[in-house]
Amino acid sequence: MSTSPADIKLPQRSGTVSSSFTRRTSMSDDEAIPETDSSETTTLLLERLRAWKHMCGYLEDYFNATAKVQKSQSKDYEKILKAVNEPLKEGHHFSSSAGGVSGLFENIRLNTQGMVMIYNDGEKNLKSAVLPTLERLHKEIKTKSKELNSGAVKGAKAVEKARGLTQKHIELLGQNSASHDSSFSSKIEPHHDPYLLKRGVNHRLNNQVNEENNHRQDILAVQNSFQQFEAHVLQTVQGALDQFHQHMGSQLDRQRAMYADILGTAQRIPPDFEWINFCVRNDAALVNPDSPPRSFASITFPNMDHRSTQPLIEGSLERRSRAMIKGYSSGYYVVTPARYLHEFKDNDDFRRDPTPELSLYLPDCVVGAIDGVKFNVKGKDVSSGKIGNAFHTNTELSFKAHTPNDAEKWWSVIKESSRSPAPAPPTLAVATSPTATSPGGAVSPSRNVSGQSQPPVYADTEKSQGTASPAAASPAAASPAAASPAAASPAAASPAVGVTGTASSGTALGVSAVEKS
């Protein structure tokens, strides 16, 4: 007994399809911006749905023409032949072998050629039973096309947008990393710090990978549903042809044999025959379900390990809140090669964009002495950009490390960074005070401030810009009376000494020394 082609177990896609697409996917997994087109698979599947839609339309035309031909007999059957005499639209999507959809239409053409006599009752039967089934199938194909177009295309646009944002940030990182290498002594804008830009790349690249994987899962789910959907399409066509055969049963034996042959040809097409052949022909464009999703850990991008992106020191510190009631609060701090001290809520680049809560350009800051686990830094917060920085004033920030050893490490790195070359550092003019030296020749507490022997306490208020202290410009500050024996009075033992400095902006800075706590 012969075996029907429908009973033959066809191999699964994973065993019959080559791995060229798998190789292409693995080569692009380590790239930050893959060269693959995210909408390629969607476009191919939409074109395939149009092919099925046109196939269904061809059958509808065929049965409509058959219904008309039932009245005019042999002459009208010539019209039926013309309805299916043209090649299928998107016919390259179907297998050219005899056992597929193309073979079915070739069989229809041959059998229609011999149909000369038909009955008038055939028109009524076709319009009431067979055609509605095909019309419903046609609407199902259109609906699936709309769902794929609205869902997958939207996901492809989201992927392209995410890739564009990542690419722009990677280019910005490359520009500022090169600028850092070519002119290390120049000041880099805080939002152009390569360290921050790298973390920004991490954030956007993570969002891009999530968009790509979500889009891939959506496309893969649609792609996997195509086999079942196409089986449903073929089974529906087979059912319509079966109804058509039953309606023609009352006609001549010759007509019945011809329609039975058409039905047999359609039923011999296995539900997954066209899909498997389609996958083999278009293996390079379809998503391989066996390929793993992209992993952030395996991705590399330019300048990700550049020395300007590596922190000099980073970790947890406590900082006293400006509101004295709140005390100390913990934060994540980093000192970068660009000589910035940045404060973050945490070290997570993925949950939110790693924008600093506080940024101090250390060459513009004054670093106090270390006192156990505590040390002070006075400077201006530059994390708000040029406009926001104009409204910020110098603020004294008190830090506390977990151990004295940690405090020594942080203080050393911050102090060294503050001494790095910086453009046009402010010039401090120190006026000689009678209280600078005690009668016994010992150095007063004001010398401890400049010598970094104890943490300084800065003045609570600053004078407005453009107004210098009269004492700083007065000739009396350098008069002989300042060095006379009368200057060695008991007032030299006072713990406070005035140090007046004139910065480039003309701001007078008041500093007073304090005792260790």
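Take 1 as the starting number for the sequence shown in UniProt numbering and just add one per residue. Glycine residues also receive a C-beta, built at the ideal position from the N, C-alpha and C atoms. Just so you know, these numbers come straight off a predicted model, no measurement behind them.
Collapsing the DSSP output to three states places S74 in a helix. Beta-bridge partners assigned by DSSP to N64: none are found. In the three-state DSSP reduction, R320 falls in the strand class (E or B). Here the alpha carbon of S398 sits roughly 12 Å from the alpha carbon of S330.
Between K378 and E396 the beta-carbon gap is near 5 Å, inside 8 Å, which marks them as a contact.
When DSSP reads this structure, G315 sits in a beta bridge with Y333.
For the pair N206 and F296, the CB atoms are nearer than the 7 Å cut-off. Under the DSSP assignment, H232 falls in the alpha helix (DSSP H) whose first and last residues are P194 to H247. With respect to the 7 Å criterion, L358 and E343 are classified as neighbours on the basis of their beta carbons.
In terms of Cβ geometry, F301 and I170 form a close pair [threshold 7 Å]. According to DSSP, G379 shares a beta bridge with T395. Restricting attention to E274, R216, L263 and L137, the CA atom closest to the CA of K53 is found in L137. When N111, L104 and S95 are compared, the shortest CA-CA separation from E78 is found for N111.
Looking only at Q228, D371, S291 and Q70, the smallest Cα-Cα distance to Q255 is reached by Q70. Residue A338 holds the alpha-carbon nearest to the alpha-carbon of H191 among Y58, Q208, K127 and A338. P271 is positioned such that its CB atom lies closer than 7 Å to that of A231.
Straight through space, the alpha carbons of A98 and L131 are spaced by roughly 26 Å. Spatial neighbours of D353 in its own chain (CB-CB distance under 6 Å, excluding positions within 5 residues in sequence) are listed in chain order as H203.
Out of K400, H92, C365 and G174, the CA that lies nearest to the CA of C279 is found in H92. In this structure, V367 lies near K415, with their beta-carbon atoms less than 7 Å apart.
Assignment of T309 by DSSP, reduced to helix, strand and coil, places it in the helix class. Between N213 and K144, the alpha-carbon positions lie close to 22 Å from each other.
With 16 or more other Cβ atoms inside 10 Å of its own Cβ, D381 counts as buried. As computed with DSSP, S359 is found in a beta bridge with H342.
Take V222, set aside five residues on each side of it, and the residues of its chain with a beta-carbon closer than 7 Å to its own are L45, L148 and A152, in chain order. Rounded to whole angstroms, the Cβ separation of H247 and V159 is 50 Å, and the two are not in contact under 8 Å. Here T300 carries a strand assignment [DSSP, helix/strand/coil].
The beta-bridge partner set that DSSP reports for K400 consists of E318 and K374. The DSSP-derived three-state label of E31 is strand. With respect to the 7 Å criterion, Y328 and E318 are classified as neighbours on the basis of their beta carbons.
Less than 7 Å divides the Cβ of E90 from the Cβ of A51. Residues of the same chain with a CB within less than 8 Å of the CB of R109, apart from the 5 flanking positions on each side, are L81, V84 and N85 in chain order. In the assembly as shown, H306 is a buried residue. Its beta-carbon has 16 or more other beta-carbons within 10 Å.
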